[in-house]
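S.K.: Handing you this structure, nothing more for now.
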């Protein structure tokens, strides 16, 4: 079974600084997708960024980028120029194929301080 | 686009009663819908996957007779918690996906969730 591990229950970053959230996963599949979701206090899940395993290039979305290390099964999220609105729970997630379910990690609570 | 709604957003019920939660895709047709449960400060746990017109596929450990899922149309799925008990109190989230969308990248669109409290 696929598992997703987030080893940092909580992280803190100062406004305008950079923070990296860690995620590792375990799978025997060669084709899969990885995601980072944000869950603010409203509890609405928001897709931050996604990565297709077959792509070597790391995905980037504005201030958010990933470091995808397929051999190490590592998928970290870097948030640059952190903003107060970035404070939330962040979940790493894994999925195989186009019709498969999402497996979530345990989450990392990010605090952003002034 | 790709908006998913849930109703109600909050519900309080007495122990032993049944509660129905609706999940609607507002601007797309959802061939597949997922139901998750989230305990406070915990991750999302998948309960079941439902495909339109088919029976739901439940995850191991989820009671089919307790959590009834219906996906009768391409825009609506319902989760009914039957004979609810206090331990069923939780945050329930649905998501939806249209497999027919080109370039969908396997993306699920999430509803805002429903907080269920069983007294």
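Protein chains in written order, with my numbering: chain A, 1 to 114; chain B, 1 to 119.
We put the CB at the ideal spot given by N, CA and C, even for glycine.
Ignore the nearest five residues each way along the sequence and tell me which others in residue 27(A)'s own chain have a CB closer than 6 Å to its CB.
M.R.: For residue 27(A), where only same-chain residues beyond five positions count, the Cβ hits under 6 Å are 2.
S.K.: Using a C-beta cutoff of 8 Å, does residue 21(B) count as contacting chain A?
M.R.: No, no contact with chain A.
S.K.: Does the stretch 3–10 of chain B come within contact of the stretch 20–36 of chain B, defined as at least 3 CB pairs closer than 8 Å?
M.R.: The answer is yes - the stretch 20–36 of chain B touches the stretch 3–10 of chain B, with three or more Cβ pairs under 8 Å.
S.K.: If we call anything under 8 Å between Cβ atoms a contact, is residue 68(A) one with residue 43(B)?
M.R.: In this structure, residue 43(B) does not lie closer than 8 Å to residue 68(A) by Cβ.
S.K.: Considering only their Cβ atoms, is the gap separating residue 19(A) from residue 79(A) smaller than 8 Å?
M.R.: In this structure, residue 19(A) lies closer than 8 Å to residue 79(A) by Cβ.
S.K.: Ordered along the chain, which non-local residues of its own chain (more than five positions away) have a Cβ less than 8 Å from that of residue 114(B)?
M.R.: Counting only Cβ-Cβ distances below 8 Å, and skipping sequence neighbours, we find 6, 7, 8, 9, 10, 11, 21, 91, 92, 93.
S.K.: Only counting the same chain, and skipping five residues up and downstream in sequence, which positions put a Cβ closer than 7 Å to that of residue 59(B)?
M.R.: Correct list, in chain order: 46, 47, 48.
S.K.: Does the CB of residue 3(A) have a neighbour CB from chain B at under 8 Å?
M.R.: So no, residue 3(A) is outside the interface.
S.K.: Indicate whether residue 45(A) and residue 51(A) have their beta-carbon atoms separated by less than 8 Å.
M.R.: Contact flag unset, no.
S.K.: Since residue 96(A) contacts residue 29(A) with CB under 8 Å, what's their CB separation in whole angstroms?
M.R.: Their Cβ separation, rounded to whole angstroms, is 5 Å, which keeps residue 96(A) and residue 29(A) in contact under 8 Å.
S.K.: Going by the DSSP bridge assignment, what does residue 62(B) pair with across the sheet?
M.R.: Paired residues: none, contrary to the question.
S.K.: Could you check which residue in 56(A), 47(A), 32(A), 24(A) has the C-alpha nearest to that of residue 108(B)?
M.R.: Checking every option, the nearest Cα to that of residue 108(B) belongs to 47(A).
S.K.: Can you list, in chain order, the residues of its chain whose CB lies under 6 Å from that of residue 120(B), leaving out five sequence neighbours each side?
M.R.: Here chain B covers residues 1 to 119 and nothing more, so residue 120(B) does not appear.
S.K.: Can you name, in chain order, every residue of its own chain whose Cβ lies under 6 Å from the Cβ of residue 88(B), other than the five neighbours on each side?
M.R.: Taken in chain order, the residues that qualify are 81, 118.
S.K.: Restricting to runs no shorter than 4 residues, where is the alpha helix (DSSP H) found entirely within the stretch 26–84 of chain A?
M.R.: Those alpha helix (DSSP H) runs which fall completely within the stretch 26–84 of chain A and span 4+ residues do not exist here.
S.K.: Beta-carbon within less than 6 Å of residue 100(B)'s beta-carbon, same chain only, minus the 5 sequence neighbours each way: which residues are those?
M.R.: For residue 100(B), where only same-chain residues beyond five positions count, there are no Cβ hits under 6 Å.
S.K.: Check whether the Cβ atoms of residue 76(A) and residue 22(A) sit closer than 8 Å, and answer yes or no.
M.R.: It is a contact, given that the beta carbons lie within the stated cut-off.
S.K.: Look up residue 17(A) in the DSSP assignment and give the residues it is bridged to.
M.R.: None, per the DSSP bridge assignment.
S.K.: What whole-angstrom Cβ distance do residue 84(B) and residue 17(B) have, given they're in contact under 8 Å?
M.R.: Contact holds; Cβ gap of about 6 Å.
S.K.: Between residue 95(B) and residue 34(B), which are expected to be in contact by the criterion C-beta below 8 Å, what is the C-beta distance as a whole number of angstroms?
M.R.: Residue 95(B) to residue 34(B), Cβ: 5 Å. Contact.
S.K.: What residues of chain B sit near residue 104(A), judged by a beta carbon separation below 7 Å?
M.R.: 43, 44, listed in chain order.
S.K.: Report yes or no: is there a C-beta of chain B within less than 8 Å of the C-beta of residue 121(A)?
M.R.: Nothing can be reported for residue 121(A), as the shown portion of chain A is limited to 1 through 114.
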